[in-house]
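One structure is given below, encoded as structure tokens.
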Ligand SMILES: Cc1ncc(COP(=O)(O)O)c(C=O)c1O
């Protein structure tokens with residue numbers, strides 16, 4: 001196959017994240033050149049529904065002029081400013097105030113970063129600083145859940161408990177511990193109710209805390225609905241029980257809203273949908289700016305603020321910060337995004353289209369390839385199994401989820417084969433219309449039928465987050 005000149009440059013120079021580099025050298029990149037609404041076009045002018053909103057992020061689609069204008073205005077006014085030593089730009093202060101006012105639970109301050117990973121990494125640092133300030137130097141371990149996805153800095157890789165992401169990078173580091181995935185379909189025992197399963201997971205958390213020593217555990221981090229690890233909503237009563245254990249041992253709760261936040265699960269926040277009532281920190285990114293520009297934030301409670309403020313006074317400074325913390329262009333685009341969410345009642349729109357979305361999703365439960373179709377709001381996944389009765393997965397070498405992903409592409413739909421288990425993620429821009437929801441599921445249904453009819457091993461080896 002003759003590679004285009006851009007493809008030749010790409011394989012010469014571009015090291016892609018989450019890519020099999022040898023396969024990429026042979027096939028070259030998939031190159032997309034423009035977008036409009038929920039659609040994007042490749043270099044050959046083929047049109048696709050972006051059924052994963054990029055990486056769960058382009059909530060307002062690919063052609064929102066107001067976001068481009070907001071960036072341009074700010075670039076022409078004050079293209080850069082930083083937040084060190086109390087410096088700010090009006091848009092940054094505005095955005096902090098706005099985020100605190102819409103946070104799902106009382107939060108005190110917003111600390112700006114430029115990605116979800118930086119938001120999570122900062123939450124870990126804050127938890128450590130907090131416990132040092134309280135003279136609890138041993139209370140530093142962070143607990144995450146197997147299959148949780150929290151990003152890829154060294155601390156985040158230690159939290160993201162997915163083998164292909166951790167093993168070859170020497171993760172997790174010592175201070176990071178894991179508990180089981182709250183996935184009822186896959187891990188419940190025969191006859192166990194969702195509530196009983198949730199109690200078992202909470203009991204496992206307590207056992208781990210007691211085994212490690214409560215005085216050594218700083219925080220637990222959890223996505224309200226797990227995203228990249230398989231789109232897994234928690235079992236009923238799960239977070240009520242988990243939070244009770246955390247409170248008992250004075251352990252902080254970090255709610256990772258990087259995918260869930262800003263309407264994805266059918267409510268403004270995943271905390272609302274899944275009954276998380278006392279997060280101490282909340283991490284956000286992605287839909288905060290509809291991903292038009294990199295920006296994220298770590299929101300912290302008043303109690304944490306008071307403790308770290310006092311320590312910063314004692315030490316002379318809170319010794320952390322990024323060059324791009326409080327970048328005014330990111331803040332301007334984020335404010336415009338939040339304005340659009342409000343003015344166009346995007347939340348109301350999500351609540352309407354999530355009905356057909358969830359009902360078309362659930363219909364896939366009857367497809368012979370699908371073991372479980374699950375989700376909430378405008379996010380879902382299908383888990384593919386060889387035997388629906390026993391839930392037996394396919395041989396991993398068959399890469400069935402990747403086969404479905406590829407058939408979807410042939411049918412004009414971009415979804416994502418998730419890096420853990422044979423699941424395919426579905427997470428369209430929030431602006432998707434009802435008839436586009438049907439187009440999406442028609443294409444997915446066709447792809448599933450095609451894979452079912454010709455199911456065979458493939459040699460491609462790529463895992464995509
Ligand atoms: C829940 C969650 N947290 C953190 C991250 C990391 O965000 P980023 O890729 O912007 O660093 C992601 C990315 O998908 C995520 O889904």
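Residue numbers (this note's numbering): 1 to 465. Glycine included, each C-beta is placed from N, C-alpha and C at the ideal position.
Per the DSSP calculation, residue i is bridged to which residue(s)?
i	result
residue 387	392
residue 398	Residue 398 is not bridged to any residue.
residue 221	254
residue 299	110 and 282
residue 226	232
residue 468	Since the displayed the chain opens at 1 and closes at 465, residue 468 lies outside it and no answer follows.
residue 382	373 and 424
residue 417	424
residue 34	41
residue 179	145
Would you kindly check if the distance between the Cβ of residue j and the Cβ of residue i is under 7 Å?
i	j	result
residue 361	residue 380	yes
residue 307	residue 133	yes
residue 452	residue 338	no
residue 254	residue 219	yes
residue 283	residue 111	no
residue 237	residue 203	no
residue 179	residue 205	yes
residue 268	residue 105	no
residue 152	residue 122	no
residue 483	residue 305	Residue 483 lies beyond the range of the chain shown here (1 to 465); nothing can be said about it.
residue 10	residue 150	no
residue 172	residue 158	yes
residue 425	residue 52	yes
residue 60	residue 334	no
residue 386	residue 394	yes
residue 423	residue 270	no
residue 413	residue 49	yes
residue 89	residue 99	no
residue 139	residue 131	yes
residue 285	residue 115	yes
residue 227	residue 259	yes
residue 265	residue 225	yes
residue 252	residue 127	yes
residue 300	residue 281	yes
For residue i, collect the residues of the same chain with a Cβ closer than 8 Å to its Cβ; drop the 5 residues on either side in sequence, then sort them by chain order.
i	result
residue 135	none
residue 141	175, 176, 177, 212, 216, 217 and 218
residue 185	371, 372, 374, 383 and 391
residue 332	70, 71, 73, 74 and 91
residue 46	412
residue 166	157, 158, 160 and 172
residue 247	278
Using C-beta distances below 6 Å, list every residue in its chain close to residue i, excluding the 5 sequence neighbours before and after it, in chain order.
i	result
residue 34	41
residue 234	182 and 274
residue 58	290, 291 and 429
residue 262	287
residue 209	217 and 249
residue 245	202, 205 and 206
residue 434	353 and 356
residue 129	308
Compare the C-beta of residue i against all C-beta atoms of chain C and say whether one is closer than 7 Å.
i	result
residue 198	No chain C is present in this structure, which holds just one protein chain.
Give every residue of the same chain whose Cβ lies closer than 7 Å to the Cβ of residue i, excluding the five residues on either side of it in the sequence, and list them in chain order.
i	result
residue 189	none
residue 28	3, 7, 10 and 11
residue 470	Lying outside 1 to 465, the shown extent of the chain, residue 470 is not represented and no answer is given.
residue 441	360
residue 66	336 and 340
residue 24	11 and 16
residue 30	42
residue 38	49, 50, 61, 428, 429, 431, 432 and 436
residue 464	Confidence at residue 464 is low in this model, with a pLDDT of 43, below 50, so its placement is unreliable and the value that follows should be read with caution. Closer than 7 Å at Cβ, skipping near neighbours: 18, 416, 417 and 419.
residue 36	62 and 63
residue 318	308 and 312
residue 460	For residue 460, the predicted model reports a pLDDT of 46, less than 50, meaning its position is unreliable; a value from the coordinates is still stated below. Within the same chain, residue 460 has close Cβ partners 23, 399 and 402.
| message | Closer than 8 Å is the cut-off here; do at least three beta carbon pairs connect the stretch 140-155 with the stretch 318-330? | response | No contact exists between the stretch 140-155 and the stretch 318-330.
| said: Between the stretch 351-365 and the stretch 396-414, can you find at least three pairs of beta-carbon atoms closer than 8 Å? | reply: Between the stretch 396-414 and the stretch 351-365 there are fewer than three C-beta pairs closer than 8 Å, too few to call the two in contact.
| query | Can you list the beta strand (DSSP E) stretches of 3 or more residues lying completely in the stretch 102-176, in chain order? | reply | Fully enclosed beta strand (DSSP E) runs of no fewer than 3 residues occupy 109-113 and 141-145 of the stretch 102-176, in order along the chain.
| message | Across the stretch 316-325 and the stretch 76-88, are there enough close Cβ pairs to call them in contact, namely three or more that are closer than 8 Å? | response | With a cut-off of 8 Å, the stretch 76-88 and the stretch 316-325 count as touching, because enough Cβ pairs lie within range.
| Contiguous alpha helix (DSSP H) assignments of at least 4 residues, all confined to the stretch 308-382 | Counting only runs of 4 or more, we get 328-343 and 346-363.
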